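Comments concern the structure below.
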DNA sequence: TTTCATAATAGTAACTATTATCAACAAAGG
DNA sequence: CCTTTGTTGATAATAGTTACTATTATGAAA
């Protein structure tokens, strides 16, 4: 099975650079804003297309945050708690050994995210 | 602090019934379709409003699936693996003791969801 | 080089899920 | 009754993302 030719365009390169020169998770819009500084007329569609291409190639990671997708060079490993009432999201210290996780599920885990929901302490006090 | 009066309308009741008579996670659209069988002219906004109200009250649980929110009577406790290439979502057997989890994070965890990403076995073979 | 097939692009429209707005309605309490 | 206030249906608006299309760029083969 021959893999389709895929071209390493300057747009793809620019987007790769942007994600890799940033420590944080970026939204597509943020990447777009940065990319326009390098390629004035780059289009948002191109940004989305290339971000997803990079994710598929395994060069960058993507994480859903609420309703928006975010992208980062780091494999995402994170645990958080979202209060169903006040909607605040609290980070929670948590450790998983990614390698062990991979073994356990039988696939190569690149990123993981433990998302918990419930009532936070404050909202629990001010009962509904 | 007095809690606002809130009315248990027939629309709210209908939506509650729908979620509770279903074992699976439903999208707002699916709930809407069901609800219209009971209340012909119920509006989608009302469905969203009431689903979120039920979530806030803790009667039902909500989980983000890809880009869409889903709702179910069960506290969501689930682990899955999403392939970044073929986008398939594979359920993965996984156990957490919700009580222990609650203790560990110091809040009452109602639902949890472990979401892993990477390349599934098939896609890993047919290398990109 | 020149040619040729086709991947990728910019620009824009379309789409999907969700939220906001608002006039009309309905329930509960004086 | 009448007022207050939560709720509704209808619809517009929004946000994020994807699809479409004519055009351009790329790279392998000739």
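Chains as they are written, first to last, in my numbering: chain A, 91 to 218; chain B, 91 to 218.
A virtual CB, placed ideally from N, CA and C, is assigned to each residue, including glycine.
These numbers come from a predicted model, not from an experiment.
Coarse secondary structure for residue i, derived from DSSP in three states
{"i": "residue 181/A", "result": "strand"}
{"i": "residue 135/B", "result": "helix"}
{"i": "residue 205/B", "result": "strand"}
{"i": "residue 130/B", "result": "coil"}
{"i": "residue 95/A", "result": "coil"}
{"i": "residue 218/B", "result": "Note on residue 218/B: pLDDT 42, under 50, position unreliable in the model; no value is reported."}
Beta-carbon gap between residue i and residue j smaller than 8 angstroms
{"i": "residue 154/B", "j": "residue 154/A", "result": "yes"}
{"i": "residue 208/B", "j": "residue 169/A", "result": "no"}
{"i": "residue 145/A", "j": "residue 121/A", "result": "no"}
{"i": "residue 210/A", "j": "residue 178/A", "result": "yes"}
{"i": "residue 171/B", "j": "residue 197/A", "result": "yes"}
{"i": "residue 203/A", "j": "residue 175/B", "result": "no"}
{"i": "residue 117/B", "j": "residue 160/B", "result": "yes"}
{"i": "residue 109/B", "j": "residue 163/B", "result": "yes"}
{"i": "residue 105/B", "j": "residue 125/B", "result": "yes"}
{"i": "residue 103/A", "j": "residue 157/B", "result": "no"}
Residue i at chain A interface by Cβ criterion, 8 angstroms
{"i": "residue 207/B", "result": "yes"}
{"i": "residue 191/B", "result": "yes"}
{"i": "residue 139/B", "result": "no"}
{"i": "residue 109/B", "result": "no"}
{"i": "residue 113/B", "result": "no"}
{"i": "residue 203/B", "result": "yes"}
{"i": "residue 120/B", "result": "no"}
Short CB-CB distance (under 8 angstroms) between residue i and chain B
{"i": "residue 105/A", "result": "no"}
{"i": "residue 200/A", "result": "yes"}
{"i": "residue 211/A", "result": "yes"}
{"i": "residue 102/A", "result": "no"}
{"i": "residue 116/A", "result": "no"}
Cβ-heavy atom distance, residue i to the ligand NAD, below 7 angstroms
{"i": "residue 145/A", "result": "Annotation note on the ligand NAD: not contained in the displayed structure, which lists no ligands."}
Complete beta strand (DSSP E) runs within the segment 156-201 of chain A (minimum length 3 residues, chain order) = 158-162, 167-173, 179-181
Along the segment 157-187 of chain B, what residues have a CB closer than 7 angstroms to any CB found in chain A?
-> 157, 171, 174, 175, 182
Of all the residues that make up the segment 122-151 of chain B, which are near chain A by a beta-carbon distance shorter than 8 angstroms?
-> 145, 146, 147, 148, 151
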